[in-house]
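Following: one structure in structure tokens, then a few remarks.
There are 2 protein chains.
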Amino acid sequence: MSAERKLAAMELAERARTASRALLASSSEQRARALRLYADELESRHVAEAIAIANEADLRSATGKNAAFVDRLRIDEKRLAGLARAVREVAALPDPVGEVVERSTRPNGLQIQRVRAPLGVILMIYESRPGVTADAAALCLRSGNAVLLRGGSEALQTSSVLLEACQRALEKAGLPEDAAQIVPPDRQLLDEMLQLEESIDLCIPRGGPSLIRFIAERSRIPVIKHYQGVCHLYVAADADLDLATRLAVDGKAERPGVCNALECLLVDSRIASEALPRIGEALRKRDVELRADERALKVLGNAAIPAAPDDFGKEFLDLKLAVAVVDGIDSAIGHIARYGSRHTEAICTRDGKLADRFLREVDASCVLWNASTRFNDGGELGLGAEIGISTSKLHAYGPMGLRELTCTRFVVRGDGQVRK
Amino acid sequence: MSAERKLAAMELAERARTASRALLASSSEQRARALRLYADELESRHVAEAIAIANEADLRSATGKNAAFVDRLRIDEKRLAGLARAVREVAALPDPVGEVVERSTRPNGLQIQRVRAPLGVILMIYESRPGVTADAAALCLRSGNAVLLRGGSEALQTSSVLLEACQRALEKAGLPEDAAQIVPPDRQLLDEMLQLEESIDLCIPRGGPSLIRFIAERSRIPVIKHYQGVCHLYVAADADLDLATRLAVDGKAERPGVCNALECLLVDSRIASEALPRIGEALRKRDVELRADERALKVLGNAAIPAAPDDFGKEFLDLKLAVAVVDGIDSAIGHIARYGSRHTEAICTRDGKLADRFLREVDASCVLWNASTRFNDGGELGLGAEIGISTSKLHAYGPMGLRELTCTRFVVRGDGQVRK
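These protein sequence lines are chains A and X, in that order.
Heads up, the first sequence is in the numbering used here, so the first residue is 1 and it goes up one at a time.
Heads up, the second sequence is in the numbering used here, so the first residue is 421 and it goes up one at a time.
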């Protein structure tokens, strides 16, 4: 059994590797065209009908699951149109492959370039959203990578229809179908795939922390992790309190369930007695529960409840906010170093020098001055589209766009240079 | 015992993490000054005397080891002067920290920068060369990282003297001594350190393939691997044979024991009968043994011996060269895809279009046209200094200089922007 699975994993990966070589030889326009054809497929009547049937079947199997689960699984006409649009947008993004990042001529005449090239084969692992099958395939293929798509079993029928449409588009564009393949949802098969460090270049798990930890522990392939976002806003002593209030409300109340939402408010002790009631009042109007440390509680009184010790460093993903009073910037930076998750950290101040210290000394994938934490997002930062937000520093730190799905190689042109 | 080791590992890593935060707040000049002071120390009489005693003791313990081992261990006056010079050169290199890699202003007025920042804490693992203790520390500190140095037990006394000199320099420059620490050579302690993915950002093993594989299998920390270099030269049908001969001799015969040395020569079938005897003759004059496939053997006759099947894909690190005849560029690219190690690959041709195909379609960290494979080296490619050559694509592919010891973060400056 295990030998069979190993063989199946190796065969899938080998086919992806072969396809990735063909992609190295493909032109940018050819890959863009494949994606436009994919979008056409997604907008066609036959795909709409096949999706309706497959998604209905997936939804039937999900009977008894909670509403959020069922909602993630559903692909209705509007969502299908959204997927087609997203694929078309990725097709229109500038191609990172072939981009010359640096160039120089050495004293011996060698012309050196660092050139972006595809990573090769990417294994995407995700949970119930079948739309990832289209999104992730589009980003990987645009950047010249072959992709292995391992979604959840609950969405398999829908995903399969989405993949088949992609493979038809690849074929029409003269590219190998094996450039995008589904990995059947089988735990042992996945375990075998995660050992194939020679054939697969990168593994990207998308989902809850337990999925990511599970993959990171088992994988011999490099993994880009996106753990949780425990994001802070530090309101300095000189902050404009209207602005601080807007940033706190936007960070916490607009969309509390996302990773760049605010989870902890740090207020400087010199303004706590004025700032806390004002910001707190605005948050309470938006039904945010404040969980305050001892000093903040003294100011907020009944407007807050006492924070439990583990409320600091917690990703609530809910209308709850930890609140603490800190003594100046060193104390704020120290708090964030202890409790932050290297995701997104913001400061509100009028003092550019103070802001610069914060922006330099706080270690996170995105640091912001007088702007909402919610801007740590590939689209908002100008990457065009993102495949995830990395909280590990190697290779990509923060939102991963097309460029982050490439590596750079040294390309050297000479006229007969030898070293000795 | 194991709990004790775990505690010891955590304490070392935590001290390094704290020091790395102080480095975030340090200026470029402060770090450069620490390295100049380190070089001064290495040139001082008291360090020279301490090294002489410590190295003598290490060498005494190595009695009975082979000459190459003893040679790697030895630090004489000349080598000590070389280390001081290398440290001073690293001090003078441009600081990658703070470098703005990209900048843009979004339609909402947000100013976005991608800024280089240190990785944080780097664990270097190496074998008997004590000089790495100085080299690696210099590169890590220059790029704002704290470093944990885990060398071999056979060089421990020498390494300790080198480290103490570094720590004195750090202290004089107002930086924390814990920014560079030695990890005592104890296998179980290392095992515990390799689990500390939260406190250590990167692990770089330097040494033979067995060391690297051992670390990669055990580490939860991301590892940058430098496996072997199985480098090819493809001589196309239109190649200038004088040039091809020079490239083959330089690649194989000048320094056969290094990773960018040539291990396999591929000659196009259309010119095999002319090219092989000529290149073969030049190589044989340099005592290179040719191990030829069937078709090459027909031309070379007694000038070669038959290649064993595993001679293709082998890193000889010796005056031996595999030789094969291939039918055109597709066959050459296919051969390299099968047997190459993604290290360094070269083509010899007069045809720019043919070269471009090779440079694009061959997957290796460095691809060269009409130049020796021996140029895949940080110094030769203009990186200033290198800490290793990566054959894995994530984060760094090819020689790793100071920049590759950093990550990029998003730094966002606003004037009150909220997302909604």
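We put the beta carbon where it would ideally sit given N, CA and C, even for glycine.
| Check | Outcome |
| --- | --- |
| Quick check: is the beta carbon of residue 160(A) nearer than 9 Å to any beta carbon in chain X? | no |
| Within 10 angstroms of its Cβ, does residue 641(X) collect 16 or more other Cβ (buried), or is it exposed? | buried |
| Report, in whole angstroms, the separation of the C-beta atoms of residue 123(A) and residue 142(A), which I expect to be a contact under 8 Å. | In fact, because the Cβ distance is near 17 Å, the residues do not count as touching under 8 Å. |
| Could you give the distance in angstroms between the alpha-carbon of residue 156(A) and the alpha-carbon of residue 751(X)? | 39 Å |
| Only counting runs of 4 or more residues, tell me where the alpha helix (DSSP H) segments fall wholly within the segment 203-278 of chain A, in order along the chain. | 209-218, 241-253 |
| Out of 477(X), 536(X), 766(X), 568(X), point me to the one whose CA is closest to residue 515(X)'s CA. | 536(X) |
| Between the alpha carbons of residue 202(A) and residue 407(A), how many angstroms are there, rounded? | 11 Å |
| Assuming residue 467(X) is part of the alpha helix (DSSP H), what are its boundary residues? | 465-481 |
| Contact criterion: CB-CB distance below 9 Å. Does residue 813(X) meet it with respect to chain A? | yes |
| Nearest CA to the CA of residue 818(X): which residue from 831(X), 829(X), 800(X), 830(X)? | 800(X) |
| In terms of residue numbering, what span does the beta strand (DSSP E) encompassing residue 741(X) cover? | 740-746 |
| Is DSSP giving residue 133(A) helix, strand or coil here? | helix |
| Sort 91(A), 275(A), 8(A) by Cα distance to residue 449(A) and report the nearest one. | Chain A is shown only over 1 to 420; residue 449(A) falls outside these bounds and no answer can be derived. |
| With 16 as the cutoff for other CB atoms within 10 Å, does residue 46(A) come out buried or exposed? | exposed |
| Determine the closest residue to residue 471(X) out of 723(X), 554(X), 531(X), 683(X), with distance taken between C-alpha atoms. | 554(X) |
| Please decide whether residue 674(X) counts as near chain A, where near means a Cβ-Cβ distance under 9 Å. | yes |
| How would you call residue 66(A), buried or exposed, if buried means at least 16 neighbouring beta carbons within 10 angstroms? | exposed |
| For a cutoff of 9 Å on Cβ pairs, would you count residue 414(A) as touching chain X? | yes |
| Between residue 293(A) and chain X, is the shortest Cβ-Cβ distance under 9 Å, so that the two count as touching? | no |
| For residue 309(A), does the three-state DSSP call read helix, strand or coil? | helix |
| For residue 602(X), would you say it is in contact with chain A, using Cβ-to-Cβ distances shorter than 9 Å as the test? | no |
| With DSSP collapsed to three states, give me the class of residue 447(X). | coil |
| Along the segment 633-657 of chain X, what residues have a CB closer than 7 Å to any CB found in chain A? | 642 |
| Grab me the residues of residue 113(A)'s own chain with a C-beta within less than 6 Å of its C-beta, minus the 5 sequence neighbours each way, in chain order. | 100, 103, 411 |
| Residues of chain X with a CB under 8 Å from the CB of residue 63(A): which are they? | Correct list: empty, because the minimum Cβ distance to chain X is about 35 Å. |
| Rounded to whole angstroms, what's the CA-CA distance from residue 163(A) to residue 556(X)? Just pull it up for me. | 47 Å |
| Taking C-alpha atoms, which residue in 129(A), 145(A), 263(A) lies nearest to residue 68(A)? | 129(A) |
| Against chain X, with Cβ distances strictly below 9 Å, would residue 353(A) count as a contact? | no |
| So, are the CB atoms of residue 437(A) and residue 225(A) less than 9 Å apart? | The structure shown does not extend to residue 437(A), since chain A is modelled only from 1 to 420, so the question has no answer here. |
| Excluding the 5 residues preceding and the 5 following residue 597(X) in the sequence, name in chain order all residues of the same chain whose CB lies nearer than 6 Å to its CB. | 587, 590, 591 |
| Assign residue 779(X) to one of two classes, buried (16 or more other C-beta atoms within 10 Å of its C-beta) or exposed (fewer than that). | buried |
| Taking three-plus beta-carbon pairs below 8 Å as touching, is the segment 250-262 of chain A in contact with the segment 234-241 of chain A? | no |
| Just to confirm, is the Cβ distance from residue 744(X) to residue 651(X) under 9 Å? | no |
| Looking only at its chain, what residues have a beta carbon closer than 7 Å to the beta carbon of residue 223(A), apart from the 5 residues adjacent to it on each side? | 203, 205, 215, 216 |
| So, is the C-beta of residue 286(A) closer than 9 Å to a C-beta in chain X? | no |
| Looking at residue 551(X) and residue 503(X), is the spacing between their C-beta atoms short of 9 Å? | yes |
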